[in-house]
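There are 2 protein chains.
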Amino acid sequence: MFHALATATRRDIVRRTIEREQSVSALAADYDMSFAAVQKHVTVLEDAGLIIKRAEGRERLVRANPEMIAKARALLARYEELWRARVARLDDLFAAETRSEESTKSTQEPPAQGE
Amino acid sequence: MFHALATATRRDIVRRTIEREQSVSALAADYDMSFAAVQKHVTVLEDAGLIIKRAEGRERLVRANPEMIAKARALLARYEELWRARVARLDDLFAAETRSEESTKSTQEPPAQGE
DNA sequence: CTAACGTACAACCAAATGGTTGCACAACAA
DNA sequence: TTGTTGTGCAACCATTTGGTTGTACGTTAG
Chain A
111 MFHALATATR
121 RDIVRRTIER
131 EQSVSALAAD
141 YDMSFAAVQK
151 HVTVLEDAGL
161 IIKRAEGRER
171 LVRANPEMIA
181 KARALLARYE
191 ELWRARVARL
201 DDLFAAETRS
211 EESTKSTQEP
221 PAQGE
Chain B
111 MFHALATATR
121 RDIVRRTIER
131 EQSVSALAAD
141 YDMSFAAVQK
151 HVTVLEDAGL
161 IIKRAEGRER
171 LVRANPEMIA
181 KARALLARYE
191 ELWRARVARL
201 DDLFAAETRS
211 EESTKSTQEP
221 PAQGE
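One line per chain: the protein sequences are A and B, in this order.
Numbering of the first sequence is given in the working numbering, commencing with residue 111 and proceeding in unit increments.
Numbering of the second sequence is given in the working numbering, commencing with residue 111 and proceeding in unit increments.
As structure tokens, this is what we get:
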């Protein structure tokens, strides 16, 4: 999944197929590589569930699958959530320390970006 | 960047270093591969800016860099934004068509998840 | 029917990837 | 000092990746 997004060409294909559904050859026309190469990128994206192919006559129309994109974003959002939880824990620890030491209020670290 | 997140081991290292800073060998101890292999994963993550290494004695302490994670998430969020914009355009187009046809209110497509 | 188009797929190739072992070296412990 | 620990790095290897060309086949156009 992240692997499928790891190439600039593939991210560009995702971006373009978000904007509008289009055929594989229409996509291939804009890249400086063979049709077969683009076709393979499309296959990788399809296997990852990031795009969906649909047959129409002799063409295969490609559109992005926003569900998968949302899934990837959610995973990263969860990492950020873990980070916030860690910062909160450190804050608690710091608060407990200062409470017991009762006077040392010198080198407090800023809470780092919270949103 | 997405490439750095493309391996389960590396995503796990990111997750663990979000929770707390730890040395490279502490990380390596929990994976079924050589220290050198883990060290290379750490290097990949460091080059991608996803983690930060800090020297302390003979150890190298590793912590996650939440800024980069946020950056990746923002890119995916932007894709979702493009999707919403597209859906909005299609809605407008559909509205215009029904307005000109003045009666055909049959096969309306559901707006798909908007949030 | 025949030609052109859009796609799929196989074979092939160079480079990158993910793993290994071995060695060197600084920092710490005895 | 000597030994152990933590790290970095190079060399090597099998597999995957990202690209190529060529072939085959269904669909559309003339």
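The C-beta atom is built at its ideal place from N, Cα and C for all residues, glycine as well.
Note that the structure is predicted; figures quoted are calculated from it, not measured.
Hey, is Tyr189 (chain B)'s beta-carbon within less than 8 angstroms of any beta-carbon in chain A? Position 79 of the second sequence, counted from the start, is the residue given in the question as residue 189 (chain B). Closer than 8 angstroms: yes.
Apart from the five residues on each side of it in sequence, which residues of its chain come closer than 6 angstroms, Cβ to Cβ, to Ile179 (chain A)? Here the question's residue 179 (chain A) lines up with position 69 in the first sequence. No residues qualify anywhere along the chain.
Classify Ala139 (chain B) as helix, strand or coil using the three-state DSSP reduction. Locating residue 139 (chain B) in the second sequence gives position 29, counting from the first residue. Three-state result, Ala139 (chain B): coil.
Can you give me the Cβ contacts of Arg170 (chain A) inside the same chain, cut-off strictly under 6 angstroms, excluding the 5 residues immediately before and after it? In the first sequence, the residue the question calls residue 170 (chain A) occupies position 60. Cβ neighbours of Arg170 (chain A) beyond the five flanking positions: Val134 and Lys163.
Taking C-beta to C-beta, are Val172 (chain B) and Glu129 (chain B) nearer than 8 angstroms? Mapped onto the second sequence, residue 172 (chain B) falls at position 62. Mapped onto the second sequence, residue 129 (chain B) falls at position 19. Going by C-beta atoms, Val172 (chain B) is not nearer than 8 angstroms to Glu129 (chain B).
Quick check: Val154 (chain B) and Ala114 (chain B), are their CB atoms within less than 8 angstroms of each other? Within the second sequence, the letter at position 44 stands for residue 154 (chain B). Within the second sequence, the letter at position 4 stands for residue 114 (chain B). Going by C-beta atoms, Val154 (chain B) is nearer than 8 angstroms to Ala114 (chain B).
Short of 6 angstroms in beta carbon distance, which residues of its chain neighbour Ala138 (chain B), apart from the five on each side in sequence? Order them along the chain. The residue you call residue 138 (chain B) lines up with position 28 of the second sequence. Cβ within range, chain order: Phe145 and Val148.
Which of the three DSSP states is assigned to Ala195 (chain B) in this structure? Here residue 195 (chain B) is taken as the residue at index 85 of the second sequence, counted from 1. Helix.
Could you check whether the Cβ of Gln218 (chain A) sits closer than 8 angstroms to any Cβ belonging to chain B? Counted from its first residue, the first sequence places residue 218 (chain A) at position 108. Summary for Gln218 (chain A): the model assigns pLDDT 44, below 50, so the residue's position carries little reliability, and this model does not support an answer.
Per-residue burial, Thr217 (chain B) [other beta carbons within 10 Å of its own, 16 or more giving buried]: On the second sequence, residue 217 (chain B) is found 107 positions in, with the first residue counted as 1. With a pLDDT of 44 at Thr217 (chain B), under the threshold of 50, the predicted position of this residue should be treated as unreliable, and no value is reported.
Report yes if the C-beta distance between Arg183 (chain B) and Leu203 (chain A) is below 8 angstroms; otherwise report no. By one-based count along the second sequence, residue 183 (chain B) stands at place 73. By one-based count along the first sequence, residue 203 (chain A) stands at place 93. No. Outside cutoff.
In chain order, what residues of the segment 120-154 of chain B put their CB closer than 8 angstroms to some CB of chain A? Arg121, Val124, Arg125, Ile128, Glu129 and Arg130
Sequence-distant residues of its chain with Cβ nearer than 7 angstroms to Arg121 (chain A) (five each side left out): Counting from 1 along the first sequence, the entry for residue 121 (chain A) is found at position 11. Leu115.
When you compare only the Cα positions, how much space is there between Glu177 (chain B) and Glu166 (chain A)? Along the second sequence, one-based indexing puts residue 177 (chain B) at 67. Along the first sequence, one-based indexing puts residue 166 (chain A) at 56. If you take the alpha carbons of Glu177 (chain B) and Glu166 (chain A), they lie about 43 angstroms apart.
CA nearest to the CA of Leu160 (chain B), picked from B:Asp201, B:Ala195, B:Thr127 and B:Arg196: Residue 160 (chain B) sits at position 50 when you count from the first residue of the second sequence. The residue with the shortest Cα to Cα distance from Leu160 (chain B) is B:Thr127.
Glu51 (chain B) (DSSP reduced to helix, strand or coil): No answer is possible for residue 51 (chain B): it lies beyond the span of chain B, which begins at 111 and ends at 225.
Check the Cβ of Ala116 (chain A) against every Cβ in chain B and list those closer than 7 angstroms, keeping chain order. Counting from 1 along the first sequence, the entry for residue 116 (chain A) is found at position 6. Ordered by position in chain B, the residues that pass the 7 angstroms Cβ test against Ala116 (chain A) are Phe112, His113 and Ala116.
What are the partner residues of Arg170 (chain B), as DSSP defines its beta bridges? Against the second sequence, residue 170 (chain B) aligns to sequence position 60. Bridge partners of Arg170 (chain B): B:Ala165.
Quick one: give me the first and last residue of the alpha helix (DSSP H) that Ala146 (chain B) is part of. Residue numbering aside, residue 146 (chain B) sits at position 36 when the second sequence is read from its first letter. Taken as a continuous stretch (DSSP letters only), the alpha helix (DSSP H) holding Ala146 (chain B) covers Phe145 to Asp157.
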